[in-house]
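Colleague: In this text, residue positions in the sequence shown follow this note's numbering: the first is 340, and each later residue adds one. Glycine included, every Cβ here is placed at the ideal spot set by N, Cα and C. Here you go, one structure.
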Amino acid sequence: MVVGLITGLLLGASIVYFVCWSLMRKKEKAASDAAAVLTTAARRAHSEVSKLRLQVQGFEKGEREGSDLIMLFPDLIKKIFAGRDSDEVVNLINRACQNLLKANESAVFLADRTGARLGLSASTGLSDVLGKRINLGLGDGFVGMAAETGRLLFRDELEKESVLVRRKMITSDIPGFKPKYAAPMQVEGVLYGVITAGGFETVGTMRRETLRALAAVGAAALENVRLLERFGRSSSLDQDTGFTGKLSLEPTLENELERVERFGSSLAVMELQMKSAEADESAAPKEIMSVAAKHLLASLRNIDVGIRISRGTVILLLPGTEREGMKSVIGKLGGEIPLLTLEDGTHVGSVEIKGIVVEGGSRLDARNLLDRLRSVESMEFEGYYDA
């Protein structure tokens, strides 16, 4: 009996030990997992801090470059920052090239919103060489290479570039256009344009630093212009769709058509009419347009523009889209929008779509374009149901 009691006690002690050991192991594992999670979070935070530190350094460098120029020429820089639109800013930058750098030949190229093409915006002393409309792609010639690399290029130092880079530059350069410097206007990886200068009156020792600072100021000023344009559009947004209203149609079209002419890229213009929202007997036009607009905003690119022009009609502007691309977009939206579901379980219903494409380099005004769009026959879509 005593032996059995001792055996029972030993067995009970073993079970208690095993249970305690298991609990300790679980706690150790939980602590280890928690430590691993904290370590990962710490590493991620350290990486984010490093990125932010690099960004701050970049901001400080740009601020120093701009502040040095502001201290030397405050009135001129104030005028550049006070520019109301991109054309005014560019003209002031071009004038600064003459006043600060004493350059008899200067040109400013603006980048389109995709950053893929550059278009001549203003020039001095180069009308015989550049003419009125010059556009080139990223990496093309001396100007395009500065835009692609993000570096200030000095023509006398091109022998330092690789053979392939020099060959591409020579074959794609603008004939007769040989500026000494090309400085990209860039902020946080966003390209706003390129400043070129040449034909200097005197020998200067600070041209490179001054031009780099001028490019930093120009990029900041153009970024401000874009922000102001964005705020202006936001103040007139339609409550149901989040698109701009009818009053913005012609001004927005004029801006896009100017880009078509300047940058040589095409523009697709589409009209979508939700039949059930346009009908007078419709009970829920707001919900129909809201659901359709959410789908459009999710489907379109950030450079595409939507404008609500009536109760159930939206105009879409698709920069850089050619005919085949527009056909693809029409087919996609025509198959999806009619089948979007409303809160009561019904669908948005049929949609009529029509569109035209303005070829790159074309010169056209907004009213002429709208007349052409109205004359195009629309296609009605009921949606694509599964078999």
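What is the DSSP secondary structure of G538, reduced to helix, strand or coil?
Modeller: Counting from one through the sequence shown, the residue named residue 538 turns up at place 199. Residue state, collapsed to three classes: strand.
Colleague: Between which two residues does the beta strand (DSSP E) harbouring N474 extend?
Modeller: What you label residue 474 is simply residue 135 of the sequence shown in a count that begins at 1. Its beta strand (DSSP E) spans residues N474 to G476.
Colleague: If you draw a straight line from the alpha carbon of G700 to that of D683, how long is it in whole angstroms?
Modeller: Within the sequence shown, numbered from 1, the residue matching residue 700 stands at position 361. Within the sequence shown, numbered from 1, the residue matching residue 683 stands at position 344. Distance between the alpha carbons of G700 and D683: 48 Å.
Colleague: Which value, in whole angstroms, describes the spacing of the CA atoms of E399 and E487?
Modeller: Residue mapping note: residue 399 aligns to position 60 of the sequence shown, counting from 1. Residue mapping note: residue 487 aligns to position 148 of the sequence shown, counting from 1. Unreliable positioning characterises E399 in this predicted model, as indicated by a pLDDT of 49, which lies under 50. A coordinate reading is not provided.
Colleague: Can you check DSSP and say which residues form a bridge with G532?
Modeller: In the sequence shown, residue 532 corresponds to position 193, counting from 1. Answer by DSSP bridge pairing, in chain order: L449 and M524.
Colleague: Taking Cβ positions, are L457 and D451 nearer each other than 9 Å?
Modeller: For the purposes of this step, residue 457 is taken as residue 118 along the sequence shown, with counting starting at 1. For the purposes of this step, residue 451 is taken as residue 112 along the sequence shown, with counting starting at 1. In contact: L457 and D451 (Cβ atoms closer than 9 Å).
Colleague: Could you check whether the segment 513–533 touches the segment 545–561, counting it as contact only if at least three pairs of C-beta atoms, one from each stretch, sit closer than 8 Å?
Modeller: In short, these stretches touch, since the Cβ pair count reaches three.
Colleague: For a test of the three-state rule: what should DSSP assign to A607, helix, strand or coil?
Modeller: Residue numbering aside, residue 607 sits at position 268 when the sequence shown is read from its first letter. Three-state result, A607: strand.
Colleague: Any contact between the segment 604–620 and the segment 679–697? By contact I mean 3 or more CB pairs, one from each, below 8 Å.
Modeller: yes
Colleague: Three-state secondary structure (DSSP) at A421?
Modeller: Position 82 of the sequence shown, counting from 1, holds the residue named residue 421. Three-state result, A421: coil.
Colleague: With which residues is K666 paired in a DSSP beta bridge?
Modeller: For the purposes of this step, residue 666 is identified with residue 327 of the sequence shown, where counting begins at 1. Answer is none; K666 lacks a bridge partner.
Colleague: Does the distance from the CB of L449 to the CB of R601 come in under 9 Å?
Modeller: Sequence index remark: in the sequence shown, residue 449 carries index 110 (1-based). Sequence index remark: in the sequence shown, residue 601 carries index 262 (1-based). A distance below 9 Å separates the beta carbons of L449 and R601.
Colleague: Report all residues from its chain with a CB closer than 7 Å to the CB of V468; omit the five preceding and five following residues, and keep chain order.
Modeller: For the purposes of this step, residue 468 is identified with residue 129 of the sequence shown, where counting begins at 1. Here the set comprises G515 and F516.
Colleague: From the DSSP output, read off the bridge partner residues of V653.
Modeller: Residue mapping note: residue 653 aligns to position 314 of the sequence shown, counting from 1. V653 is bridged to L611 and R647.
Colleague: Taking DSSP as the reference, what is the three-state secondary structure of S717?
Modeller: By 1-based counting over the sequence shown, the position of residue 717 is 378. In this structure, S717 counts as coil in the three-state DSSP scheme.
Colleague: When the Cα atoms are used, what is the spatial distance from E617 to I692?
Modeller: The residue given as residue 617 occupies position 278 in the sequence shown. The residue given as residue 692 occupies position 353 in the sequence shown. Computed Cα separation, rounded: 13 Å.
Colleague: In whole angstroms, what is the alpha-carbon distance linking M628 and I513?
Modeller: As a working mapping, residue 628 is identified with position 289 in the sequence shown. As a working mapping, residue 513 is identified with position 174 in the sequence shown. Going by the C-alpha atoms only, they are around 48 Å apart.
Colleague: If distances are taken between C-alpha atoms only, which option among R506, K519, T583 and L503 comes closest to E741?
Modeller: Absent from the model: residue 741. The displayed extent of the chain is 340 to 726, so no value can be given.
Colleague: On the three-state DSSP scale, how would you describe G684?
Modeller: The residue labelled residue 684 in the question sits at position 345 within the sequence shown. If DSSP states are grouped into helix, strand and coil, G684 belongs with coil.
Colleague: Does R706 pass the burial test, meaning 16 or more other C-beta atoms within 10 Å, or should it be called exposed?
Modeller: For the purposes of this step, residue 706 is taken as the residue at position 367 of the sequence shown. R706 is exposed by the Cβ-count criterion.
Colleague: Taking the beta strand (DSSP E) that S460 falls in, what are its first and last residues?
Modeller: Here residue 460 corresponds to residue number 121 of the sequence shown, with the count starting at 1. R456 to T463 is the extent of the beta strand (DSSP E) around S460.
Colleague: From A555 to G422, what distance separates their C-alpha atoms?
Modeller: In the sequence shown, the residue the question calls residue 555 occupies position 216. In the sequence shown, the residue the question calls residue 422 occupies position 83. Each residue's Cα considered, the two are about 15 Å apart.
Colleague: From what residue to what residue does the beta strand (DSSP E) around I692 run?
Modeller: Reading the sequence shown from its first residue, position 353 is the one you call residue 692. First-last of the beta strand (DSSP E) with I692: V690 to V697.
Colleague: Taking DSSP's pairing of strands, which residues face A442 in a bridge?
Modeller: For the purposes of this step, residue 442 is taken as the residue at position 103 of the sequence shown. Beta-bridge pairing links A442 to F539.
Colleague: Indicate whether A631 and T591 have their beta-carbon atoms separated by less than 9 Å.
Modeller: Translated into positions along the sequence shown, residue 631 becomes position 292. Translated into positions along the sequence shown, residue 591 becomes position 252. No, the Cβ-Cβ distance between A631 and T591 is not below 9 Å.
Colleague: Inspect the beta-carbon positions of P677 and V690 and report whether they are closer than 9 Å.
Modeller: Here residue 677 refers to the residue found at position 338 when the sequence shown is read from its first residue. Here residue 690 refers to the residue found at position 351 when the sequence shown is read from its first residue. Taking 9 Å as the Cβ cut-off, P677 and V690 qualify as a contacting pair.
Colleague: Just grab the DSSP bridge partners of P658 for me.
Modeller: Numbered from its first residue, the sequence shown carries residue 658 at position 319. Beta-bridge annotation (DSSP): P658 is paired with L606.
Colleague: For N641, count the other beta carbons within 10 Å of its own beta carbon; 16 or more makes it buried, fewer makes it exposed. Which is it?
Modeller: By 1-based counting over the sequence shown, the position of residue 641 is 302. The residue in question, N641, is exposed, as its Cβ has fewer than 16 Cβ neighbours within 10 Å.
Colleague: Report the partner residues of L300 according to the DSSP bridge assignment.
Modeller: The structure shown does not extend to residue 300, since the chain is modelled only from 340 through 726, so no value can be given for it.
Colleague: Would L550 and L491 qualify as a contact pair, given that the criterion is a beta-carbon distance under 9 Å?
Modeller: One-based indexing of the sequence shown puts residue 550 at position 211. One-based indexing of the sequence shown puts residue 491 at position 152. A contact, by the Cβ cut-off of 9 Å.
Colleague: Tell me whether F481 sits in a helix, a strand or coil according to DSSP, three-state version.
Modeller: Indexing the sequence shown from 1 puts residue 481 at position 142. F481: helix per DSSP, three-state reduction.
Colleague: Does R423 come within less than 9 Å of chain D when only Cβ atoms are used?
Modeller: Within the model displayed, chain D is absent; a lone protein chain is all it includes.
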